[in-house]
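Here is the structure we will look at.
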């Protein structure tokens, strides 16, 4: 349906992501995984992936390139478990639980690698006032900017309004 309406605006590129994930990048993403995080339905634990040699990631990079060129991706990539974790020690109902999405460990490594490539390309173009989810940028920096704006407004007698959005409940 989407492509029927907007397909003329979607560029046709043959397997643009087929050969972009290097074995060293995949290994770095696996090595950086939390060794205590839970595995997904693919049967791998992140701690196990951290111990794979570079040769294993060389073979995986070839498999990824094949998957990109000849879809579909493995169905295990769409298998996500959703355990309900209690928010409180004595939950009373469904709203007292937080659902987590646990993807396969292999998928998480590959997704991190793609994300790293995309972010490395986008980072120079991101506004300096963006902080969330960006390594090397702390939201505390926004507080310093807000305090400086407040101080400047007070000293100059100008009116100033600051807004802060907290998405805590959004993610619950």
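In the working numbering, the protein residues as written are 52 to 223. All C-beta atoms, glycine included, are put in the ideal place defined by N, C-alpha and C.
### Three-state class that DSSP yields for residue 185 in the structure shown
coil
### Distance CB(residue 155)-CB(residue 114) smaller than 7 Å
no
### Task
Tell me, to the nearest whole angstrom, how far the beta carbon of residue 108 is from that of residue 157; I am working on the premise that it is less than 8 Å.
Not really, about 11 Å apart at Cβ, beyond 8 Å.
### Nearest neighbour of residue 163, chosen from 71, 214, 54, 102 [CA to CA]
71
### Message
Excluding the 5 residues flanking residue 192 on each side, which residues of the same chain have their C-beta closer than 7 Å to its C-beta?
### Response
182
### Query
How close, in whole Å, do the beta carbons of residue 130 and residue 92 come, if the pair is a contact with beta carbons under 8 Å?
4 Å
### Query
Nearest-angstrom Cα distance between residue 165 and residue 209?
46 Å
### Task
Would you kindly work out how many angstroms separate the C-alpha atoms of residue 175 and residue 167, rounded to a whole number?
13 Å
### Task
Go through its chain and collect everything with a Cβ distance to residue 86's Cβ below 7 Å, but skip five positions before and after it.
97, 98, 101
### Message
At the level of alpha carbons, what is the spacing between residue 207 and residue 144?
### Response
52 Å
### Task
Could you please give me the residues that DSSP links to residue 135 through a beta bridge?
150
### Message
I'd like to know whether the C-beta atoms of residue 197 and residue 213 end up nearer to each other than 7 Å.
### Response
yes
### Task
Please report the residue range of the alpha helix (DSSP H) in which residue 119 lies.
105 to 120
### Of the listed residues 60, 84, 149, nearest to residue 139 (C-alpha basis)
Ranked by Cα distance from residue 139, the options 60, 84, 149 are led by 149.
### Query
Quick one: what does DSSP say residue 166 is sitting in, helix, strand or coil?
helix
### Message
Applying the 10 Å Cβ sphere with the 16-neighbour rule, what's the burial state of residue 120?
### Response
With fewer than 16 other CB atoms across the displayed protein chains lying within 10 angstroms of its CB, residue 120 is exposed.
### Task
My understanding is that residue 117 touches residue 81, with C-beta atoms under 8 Å, so please give their C-beta distance in whole angstroms.
Actually they do not touch by this definition, with Cβ atoms about 19 Å apart.
### Message
I'd like the span of the alpha helix (DSSP H) that includes residue 89, first residue to last.
### Response
That residue, residue 89, is in no alpha helix (DSSP H); it is neither H nor E in DSSP.
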